[in-house]
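Novice: Numbered by the numbering used here, the letters in the sequence shown go through residues 115 to 490 in order.
One structure follows; several queries about it will come next.
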Amino acid sequence: MGQVTKDQVIDALRTVADPDSGRDIVSQGMVSEPTLREGHVLFSIEVDVRRGAAFEPVRAAAEKAVRAVPGVLSVTAVLTAERPAGQPAGAPPAQPAAAGGGRTPGGQKLELPGIRHIIAVASGKGGVGKSTTAVNLALALSANGLRAGLLDADIYGPSMPRMMGISGKPTTRDGKKLEPMLNYGIAVMSIGFMIDEETPMIWRGPMVQSAITQMIRDVNWGELDVLVVDMPPGTGDAQLTMAQQVPLSGAVIVSTPQDIALLDARKGLNMFRKVDVPVLGIVENMSYFVCPACGHQSDIFGHGGAREEAARLGLDFLGEIPLHMAIRETSDGGHPIVMSEPDGLHALAYRAIATRVWDTLAGVTPRQAPRIVYVS
Ligand code: ADP
């Protein structure tokens with residue numbers, strides 16, 4: 115089977131009509147240049163934000179048309195729209211432009227019957243070890259005997275392919291859903307599997323939304339006790355959408371001791387509260403430094419700040435992870451410490467956090483009855 119070409123994709127899209135004008139979406143200039151990677155196709159359809167919801171059938175038809183091209187393994191079509199003038203950056207579109215982003219016509223969240231709990235791992239800013247925590251937490255939940263999955267929603271800087279030591283591309287068995295990638299006993303999905311790391315992608319709000327929801331909805335996750343979602347850093351659009359559209363059971367906030375003051379801006383915490391997602395607690399990462407040579411412990415960043423801050427905010431403190439070379443080397447090298455040194459102190463620390471998270475989830479109402487709260 116030959117390589118799929120951009121022209122083939124564009125030709126297939128010429129068969130899809132814009133319902134308003136009756137003309138095809140390509141000649142209307144609505145389709146972005148497709149990104150192709152060995153049979154995996156990604157493109158966007160630009161729509162007026164007010165027509166977003168009505169455009170879902172067109173988006174679906176576009177995916178179907180491209181899927182019919184020989185050699186195509188998966189198709190991701192996302193609706194993009196300019197934010198209407200005057201709408202603040204943190205606010206979701208009044209009419210979700212990314213209708214493919216998971217809301218059913220009744221305004222419900224995504225239905226994911228096979229997944230018992232979805233939890234977000236979030237941070238106030240980048241570089242605090244959110245992804246490292248997410249990956250080790252997922253592995254620790256799995257080590258504790260749970261069926262765990264890992265979704266890399268950090269689409270601006272997907273790190274799960276590298277941290278989980280997975281290369282290659284997802285395939286589909288039924289032509290509808292992608293199979294997640296597997297390693298160390300857990301299912302993983304990341305936009306990093308679909309697009310070239312070198313391919314610059316400009317993610318606009320609605321495109322972010324539908325990329326993330328599609329990675330949840332259009333992936334054959336099977337039966338999971340818990341899906342751990344590595345959120346994009348910060349508290350912008352992408353996070354808000356995730357929190358609104360994905361039936362999250364709760365959120366774990368990662369902070370370093372010196373950044374805990376930033377959390378005090380309470381953006382992250384408030385964001386989850388506004389959308390009615392319980393904050394399960396705070397993990398203090400890079401909490402203290404243990405000298406590999408002499409074993410001396412130094413509290414270089416003022417160890418314990420997160421514990422105090424958690425108490426002050428009325429949140430649970432889930433645990434602390436030291437700043438340690440082995441944690442960096444293993445997660446950056448694709449062998450996260452929970453599986454590469456399963457009996458070590460760090461793995462035990464992550465497993466203790468996983469136990470606390472799971473115990474807290476037991477007290478959380480299952481996500482089957484989602485309540486949607488809009489942020490004004
Ligand atoms: P984020 O997702 O918040 O941007 P990462 O998880 O990518 O952060 O971590 C940033 C860097 O810090 C990575 O190189 C990672 O290996 C390293 N790192 C994270 N946590 C620790 C830790 N506890 N000890 C040492 N290095 C760490």
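The beta-carbon is built from N, C-alpha and C at its ideal position, and this holds for glycine as well.
Please classify PRO406 as buried or exposed, where buried requires at least 16 other C-beta atoms within 10 Å of its C-beta.
Specialist: By one-based count along the sequence shown, residue 406 stands at place 292. So PRO406 counts as exposed.
Novice: Pop quiz: VAL302 and MET308 are said to be a contact at Cβ under 8 angstroms. What is the actual Cβ separation, rounded to whole angstroms?
Specialist: For the purposes of this step, residue 302 is taken as the residue at position 188 of the sequence shown. For the purposes of this step, residue 308 is taken as the residue at position 194 of the sequence shown. Wrong, their Cβ atoms sit about 13 angstroms apart, outside the cutoff.
Novice: GLN353 and MET345 - do their beta-carbons sit closer together than 9 angstroms?
Specialist: Taking the first residue of the sequence shown as 1, we reach residue 345 at position 231. Taking the first residue of the sequence shown as 1, we reach residue 353 at position 239. Less than 9 angstroms divides the Cβ of MET345 from the Cβ of GLN353.
Novice: Taking the alpha helix (DSSP H) that HIS231 falls in, what are its first and last residues?
Specialist: Translated into positions along the sequence shown, residue 231 becomes position 117. From DSSP, HIS231 is part of no alpha helix (DSSP H) but of the beta strand (DSSP E) over 229 to 237.
Novice: Closer than 8 angstroms: is that where the CB of PRO347 sits relative to any heavy atom of the ligand ADP?
Specialist: For the purposes of this step, residue 347 is taken as residue 233 along the sequence shown, with counting starting at 1. In this structure, PRO347 has its beta carbon less than 8 angstroms from a heavy atom of the ligand ADP.
Novice: If we call anything under 9 angstroms between Cβ atoms a contact, is VAL180 one with PHE169?
Specialist: For the purposes of this step, residue 180 is identified with residue 66 of the sequence shown, where counting begins at 1. For the purposes of this step, residue 169 is identified with residue 55 of the sequence shown, where counting begins at 1. Not closer than 9 angstroms, so no.
Novice: Can you give the Cα-Cα distance for LEU383 and VAL391, rounded to whole angstroms?
Specialist: Residue numbering aside, residue 383 sits at position 269 when the sequence shown is read from its first letter. Residue numbering aside, residue 391 sits at position 277 when the sequence shown is read from its first letter. Spanning the two alpha carbons is a distance of roughly 9 angstroms.
Novice: In whole angstroms, what separates the C-alpha of ASP339 from that of ILE233?
Specialist: In the sequence shown, counting from the first residue as 1, residue 339 sits at position 225. In the sequence shown, counting from the first residue as 1, residue 233 sits at position 119. Rounded to whole angstroms, ASP339 to ILE233 spans 11 angstroms at the Cα level.
Novice: Taking 9 angstroms as the cut-off, decide whether the C-beta atoms of ASP266 and GLY306 are in contact.
Specialist: One-based indexing of the sequence shown puts residue 266 at position 152. One-based indexing of the sequence shown puts residue 306 at position 192. Closer than 9 angstroms, so yes.
Novice: Is the beta carbon of HIS231 within less than 8 angstroms of some heavy atom of the ligand ADP?
Specialist: Locating residue 231 in the sequence shown gives position 117, where the first residue counts as 1. Outside the cutoff, so no.
Novice: What number of angstroms, rounded off, separates the C-alpha of VAL145 from the C-alpha of ASP121?
Specialist: As a first step, residue 145 is located in the sequence shown; it is residue number 31 there, counting from the start. As a first step, residue 121 is located in the sequence shown; it is residue number 7 there, counting from the start. Whole-angstrom Cα-Cα distance: 12 angstroms.
Novice: Does the separation of the CB atoms of GLY492 and PRO347 fall below 9 angstroms?
Specialist: Because the chain spans 115 through 490 in this model, residue 492 falls outside it and cannot be assessed.
Novice: From GLY395 to ASP288, what distance separates their C-alpha atoms?
Specialist: The residue given as residue 395 occupies position 281 in the sequence shown. The residue given as residue 288 occupies position 174 in the sequence shown. Looking at the two C-alpha atoms, the distance is approximately 39 angstroms.
Novice: Expressed to the nearest angstrom, what Euclidean distance is found between the alpha-carbon atoms of ARG230 and GLY477?
Specialist: Counted from its first residue, the sequence shown places residue 230 at position 116. Counted from its first residue, the sequence shown places residue 477 at position 363. Each residue's alpha carbon lies about 13 angstroms from the other.
Novice: Expressed to the nearest angstrom, what Euclidean distance is found between the alpha-carbon atoms of SER188 and GLY336?
Specialist: Looking up residue 188 in the sequence shown gives position 74. Looking up residue 336 in the sequence shown gives position 222. Each residue's Cα considered, the two are about 18 angstroms apart.
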